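Residue numbers (my numbering): 401 to 734.
Just so it is clear, CB atoms sit at the ideal spot from N, CA and C, and this is done for glycine as well.
Bear in mind the structure is a predicted one, so any value in this text is a computation, not a measurement.
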C-alpha cells in the first residue's frame with residue numbers, strides 16, 4: 401500500500417514537471433522578442449493598449465475583458481487585416497461559429513486541449529474567415545491555421561483600423577448550461593450551446609505566457625497551483641458538479657466516501673481553481689444548499705471593480721453577483 405502511494409506521488413510529480421510546448425496565436429513577433437505588450441495589444445478605442453489586455457482594463461477598471469486582443473502585422477489594399485490565426489496547442493475543435501452577427505465574438509473557434517491538464521479551452525474570435533476544413537470534432541495540431549484575423553462582431557462594429565484577434569484561455573463552467581440559460585430567460589435562443597461565452601471562464605493568457613517563458617511555470621497545473629484565492633466558500637450539497645469530473649486535477653485527492661459538500665477557492669475573476677470534497681461532519685449545522693464564505697481577501701475584492709464575488713451583509717460576507725452566477729451554474733442554485 402505504501403509502495404503504491406509513493407509510486408502515485410512520483411507519477412504525479414513527473415506529470416507536474418513536464419514542460420508544455422505552446423505557440424503564440426498570431427504572427428506578431430512582439431511577445432517572442434520580449435517587447436512590451438503595448439506594441440502588440442490592440443486598444444479598445446481609448447488609445448491605451450492596456451485596454452486590450454486581460455482583466456478590468458476598460459471603463460476606468462469597471463469593465464472586465466476575458467482575453468487579450470492582438471494586433472495584425474499585415475493588411476490588404478483596403479486596409480483589412482490578413483494575418484493568419486494559429487492553434488496554440490494540439491487539440492480538438494469543439495465549436496465553430498460562422499455567423500458573425502450571432503455573438504459579440506463575431507466569427508469564432510473554440511478548441512479543447514485534452515493533451516494538457518487541466519484540459520483547457522482556447523478561443524479565437526473576431527475572425528474575418530475560418531478555414532474551410534475547421535469543423536467540430538476535428539483534430540488540430542499546434543501551429544495549424546484556423547482562420548484569418550479580422551473585425552467580425554455581433555451587435556457592434558469594430559473599425560477597420562482596430563481589427564485584431566481576441567484570444568482566450570480558460571475552463572468551461574458546466575455541461576448543464578442550457579438549463580441555467582433557460583431559467584434566466586434572456587429572451588433569445590442560445591446559438592452556441594456549451595460554448596456560449598457565459599459558460600466559459602478565462603484566465604490571463606499573457607500572464608501565463610510570460611510566466612512560462614520565464615520558467616516560473618512549466619504547464620497549466622503549475623499555473624493553477626500558484627493562483628491566489630480571493631474568496632473561499634463552502635456549500636452543503638450532495639450534488640457533484642460535472643466541473644470536478646472534467647477537471648479532476650483541480651480537486652484535492654483525499655475524497656471522503658460520503659460527500660456532504662464542497663470547499664471551493666476562487667481567484668479574483670471567480671475562476672474556481674481549487675476544490676475539496678467535505679465530509680458530512682464538516683457541513684454539520686448548514687442547511688441544504690447553504691453557502692458560507694469562509695475567507696475573503698477584502699483588499700483585492702475592492703481593488704478589482706470589474707468583478708463582484710463578495711458583499712458585506714449584516715456584519716458578514718455574502719456572495720456577490722458574479723459568485724451568485726457561478727453557484728447557479730455549478731450547483732443548480734435557483
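Local conformation of residue i per DSSP, three classes
| i | result |
| --- | --- |
| residue 406 | Its pLDDT being 34, under 50, residue 406 is placed unreliably in this model, and the value from its coordinates should be taken loosely. Helix, per DSSP. |
| residue 539 | strand |
| residue 663 | strand |
| residue 683 | helix |
| residue 441 | strand |
| residue 692 | strand |
| residue 646 | helix |
| residue 610 | helix |
| residue 449 | helix |
| residue 502 | helix |
| residue 419 | coil |
| residue 734 | coil |
| residue 401 | Residue confidence is low: residue 401 scores 37 on pLDDT, short of 50, so the model does not pin down where it sits. Its coordinate-derived value is still stated next. In the structure shown, residue 401 sits in coil (DSSP, three-state: anything other than H, G, I, E or B). |
| residue 560 | helix |
For residue j and residue i, believed in contact at Cβ under 8 Å, the rounded distance
| i | j | result |
| --- | --- | --- |
| residue 546 | residue 509 | 5 Å |
| residue 528 | residue 557 | Not quite, the Cβ-Cβ distance comes to about 14 Å (not below 8 Å), so this is no contact. |
| residue 518 | residue 650 | 6 Å |
| residue 564 | residue 425 | Residue 564 to residue 425, Cβ: 11 Å. No contact. |
| residue 672 | residue 664 | 5 Å |
| residue 641 | residue 730 | 5 Å |
| residue 456 | residue 443 | That belief does not hold up - the Cβ atoms of residue 456 and residue 443 are roughly 15 Å apart, past 8 Å. |
| residue 535 | residue 512 | Wrong, their Cβ atoms sit about 14 Å apart, outside the cutoff. |
| residue 637 | residue 688 | 7 Å |
| residue 608 | residue 569 | 7 Å |
| residue 526 | residue 551 | 6 Å |
| residue 464 | residue 574 | Rounded, the Cβ-Cβ distance is 20 Å, inconsistent with contact. |
Residue interval of the alpha helix (DSSP H) (run including residue i)
| i | result |
| --- | --- |
| residue 728 | 721-731 |
| residue 469 | No alpha helix (DSSP H) holds residue 469; the beta strand (DSSP E) holding it covers 468-470. |
| residue 632 | Not the alpha helix (DSSP H): residue 632 falls in the beta strand (DSSP E), residues 631-636. |
| residue 617 | Neither: residue 617 is in no alpha helix (DSSP H) and is coded neither H nor E. |
| residue 703 | 698-703 |
Beta-bridge partners of residue i, as assigned by DSSP
| i | result |
| --- | --- |
| residue 458 | 463 |
| residue 508 | 497 |
| residue 484 | 548 |
| residue 521 | 512, 570 |
| residue 424 | According to DSSP, residue 424 bridges with nothing at all. |
| residue 530 | 547 |
| residue 602 | 570 |
| residue 475 | 481 |
| residue 651 | 675 |
Residue span of the beta strand (DSSP E) that contains residue i, given as start and end
| i | result |
| --- | --- |
| residue 623 | Residue 623 -> not in any beta strand (DSSP E); alpha helix (DSSP H) instead, spanning 620-625. |
| residue 492 | 491-497 |
| residue 673 | 672-678 |
| residue 714 | Careful: residue 714 lies outside any beta strand (DSSP E) and carries neither H nor E. |
Contact test: residue i Cβ vs the ligand ATP heavy atom, cutoff 6 Å
| i | result |
| --- | --- |
| residue 434 | Among the components modelled here there is no ligand, and therefore nothing to report on the ligand ATP. |
Contained alpha helix (DSSP H) runs [length at least 4] in the stretch 562-599, N- to C-terminal order: Those alpha helix (DSSP H) runs which fall completely within the stretch 562-599 and span 4+ residues are 577-584.
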